[in-house]
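Position one of the sequence shown corresponds to residue 220 (my numbering), numbered consecutively onward.
Here a beta-carbon is modelled for each residue, glycine too, at the ideal position from N, C-alpha and C.
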Amino acid sequence: MSDKRQLNNGSIFTRRQFIRRAGAAAAAIAVTGKALGANERLGVGFIGCGGRSGAHLNTVHWLKTQANEPVEIVAACDIYRPRMRKVVDAYGVKGYMDHRELLDDPNVDVVCISTCDHHHGYQAIDAVRAGKDVYCEKPMTHWRQFELTKRLAAEVRKSGRVFQLGTQGMSDSAWHQMKKLVQDGLIGQPIHAECGFFRVGDWGERGMPIDDENIKPGPDLNWEAFLGDVPKRPFDVSRFFRWRMYEDYAGGPATDLFPHSLTSVVSILGVSFPNKVVATGGKFRYQQREVPDTFNMLIDYPEKVTIAVLGTQGNDNQGTGFRGSGKRVPIIRGWEGSLTIEGKEIVFVPAKGCDKKPQRFDIEHAEDFVEYWRKFLACCRLRQQNTLSPVDLAYHVQTALQMGMLGFRKGKVATFDAVEENIVL
Ligand SMILES: NC(=O)c1ccc[n+]([C@@H]2O[C@H](COP(=O)([O-])OP(=O)(O)OC[C@H]3O[C@@H](n4cnc5c(N)ncnc54)[C@H](O)[C@@H]3O)[C@@H](O)[C@H]2O)c1
């Protein structure tokens, strides 16, 4: 992967310099429409080697070995050595315990960030600054890091790097078809939408595996690096392995589950920043955690449309059914009718008093994680920023979720100053 390339003018570039130049030429590509290196082999580095990262590694490995995709797993990083070593041994790649060292690796073109929520923003900024394209797991940032969210969006835009958030449900054609129907005016002026996420269990939090009850910080575990920007505290094995239970590192349904539910609906409606968010909920079933298990948000947008995002981890009745990554099927309501999904069809139901006829549309294809990765890698090769979950969509969704969490914790309605791009409480 560290080959040298001879350019037309005779100069020799390392692969990394070559790719950097390619990135710098992105603007020119947009003008000329000329794609760079459609068969360019991309090296992917994995930051965070826990549960989620396993799904990414399997998928990228499958793409390479079964689908002839020009892609290579080249490096892995985790601040807990045994997890990093496992990936290093499985794929024969370089291993790091500091993500900045992985970013210095010239074989890494693309990074996949699957660390705890409070590291995503910093690591993604470091990555785009190092000239890497980024697949960043949801949520974009931790719920208290609004400034970081804003900075990440700006840094990605400025860098011209490719960014995709880990909301793989966006590979489902249903949402894109519904967006087109709304844009075409089928439901008239949108006024209200409902979505959410319902499931039973705290297996995602209290059930997270503890690999080693007796592990202590030291050469095999960098506790300081795990803490990052959160308050310093002594090592705690539960906080380390079951970080999703704690407010310092996670947010419960709002930031863990709702990115999946809200991203598609924000995209369908074409809205950006909310002007008002109110949220309710709490620990209604599971007490051995800090984060809520039940969370409900009402989000008002300046376009005069409300999105209700509802959810509990105490009951799995999705009401309108579910689709893809477990999320409840949304209902999108307009002045003239509404859209929802039944089985493999999008259903249009006219509103009372509207003379439009009921209609049904076949859904072209369901969510597909492999395709989500494939599309992202294609965007990286072609220097296109229109991934299935691009940075601005991620920023808008994350703003609403952060308004919900911040308002909820203060018992206040959160409003948004669109001029200064600030959350006001
Ligand atoms: N898109 C999805 O459907 C989906 C599903 C599961 C998880 N996720 C997201 O993936 C992320 C990871 O979740 P998980 O379940 O894999 O958690 P996990 O605890 O299994 O893995 C996180 C890993 O990050 C490591 N880590 C922590 N701080 C680090 C740092 N500074 N640098 C490098 N490594 C560090 C930890 O040691 C751990 O191995 C979360 O943000 C979660 O929201 C997304």
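Can you check which of these residues, the options, is closest to residue i by C-alpha distance?
i: residue 258; options: 291, 507 and 281; result: 291
i: residue 614; options: 413, 284 and 340; result: 340
i: residue 194; options: 400, 597, 574 and 627; result: Lying outside 220 to 644, the shown extent of the chain, residue 194 is not represented and no answer is given.
i: residue 636; options: 627, 618, 534 and 438; result: 618
i: residue 491; options: 481, 500, 497 and 498; result: 481
i: residue 645; options: 518, 525 and 308; result: This structure cannot speak to residue 645, because the chain is shown only from 220 to 644.
i: residue 401; options: 612, 355 and 553; result: 553
i: residue 430; options: 357, 303 and 556; result: 303
i: residue 268; options: 307, 282 and 289; result: 307
i: residue 588; options: 262, 282 and 260; result: 282
i: residue 522; options: 411, 357, 451 and 375; result: 411
i: residue 289; options: 485, 368 and 594; result: 594
i: residue 346; options: 369, 378 and 367; result: 378
i: residue 489; options: 343, 436 and 399; result: 399
i: residue 406; options: 582, 570 and 337; result: 570
i: residue 265; options: 286, 287 and 316; result: 316
i: residue 300; options: 314, 355 and 338; result: 314
i: residue 295; options: 284, 279 and 312; result: 312
i: residue 309; options: 326, 322, 327 and 273; result: 273
Please confirm whether any heavy atom of ligand 1 lies closer than 7 Å to the CB of residue i.
i: residue 462; result: yes
i: residue 445; result: yes
i: residue 390; result: no
i: residue 505; result: no
i: residue 457; result: no
i: residue 387; result: yes
i: residue 356; result: yes
i: residue 427; result: yes
i: residue 336; result: yes
i: residue 299; result: yes
i: residue 318; result: yes
i: residue 266; result: yes
i: residue 608; result: no
i: residue 271; result: yes
i: residue 296; result: yes
i: residue 333; result: yes
i: residue 475; result: yes
i: residue 544; result: yes
i: residue 302; result: yes
Please go through the same chain and pick out, in chain order, the residues whose beta-carbon is closer than 6 Å to the beta-carbon of residue i, but skip the five residues on each side of it.
i: residue 413; result: 527 and 550
i: residue 352; result: 329, 380, 381 and 599
i: residue 546; result: 416, 479 and 480
i: residue 515; result: 499, 500 and 529
i: residue 684; result: The question about residue 684 has no answer here: the residues shown for the chain are numbered 220 through 644.
Any heavy atom of ligand 2 closer than 7 Å to the beta-carbon of residue i?
i: residue 486; result: The ligand content of the structure shown is limited to ligand 1, which means ligand 2 is not among them.
Within a Cβ cutoff of 7 Å, which residues of the same chain sit near residue i, ignoring the five residues on either side of it in sequence?
i: residue 568; result: 556, 557 and 577
i: residue 644; result: 625, 626, 629, 631 and 633
i: residue 485; result: 612, 615 and 616
i: residue 397; result: 487, 551, 558 and 565
i: residue 458; result: 465
i: residue 641; result: none
i: residue 271; result: 333 and 356
Can you name, in chain order, every residue of its own chain whose Cβ lies under 8 Å from the Cβ of residue i, other than the five neighbours on each side?
i: residue 632; result: 495, 496, 497 and 626
i: residue 420; result: 426 and 532
i: residue 322; result: 264, 330, 345, 346, 349 and 351
i: residue 639; result: none
Q | Runs of alpha helix (DSSP H) wholly within the segment 558-604 (minimum 4 residues, chain order) | A | Counting whole runs of 4 or more residues, the segment 558-604 contains the alpha helix (DSSP H) stretches 588-601.
In chain order, which continuous runs of the alpha helix (DSSP H) of length 4 or greater are located wholly inside the segment 414-446? Entirely contained in the segment 414-446, the alpha helix (DSSP H) runs reaching 4 residues are, in chain order, 442-446.
*Ranges of the beta strand (DSSP E) found wholly within the segment 276-340, counting only runs of at least 3*: Taking only runs of at least 3 residues, the beta strand (DSSP E) segments lying wholly in the segment 276-340 are 290-296, 313-315 and 329-332.
Worksheet item: Quick one: complete alpha helix (DSSP H) runs, 4+ long, within the segment 602-644?
Response: Qualifying alpha helix (DSSP H) stretches, in chain order: 610-629.
Complete runs of the beta strand (DSSP E) confined to the segment 513-554 [at least 3 residues]: You should have 513-520, 524-531 and 550-553.
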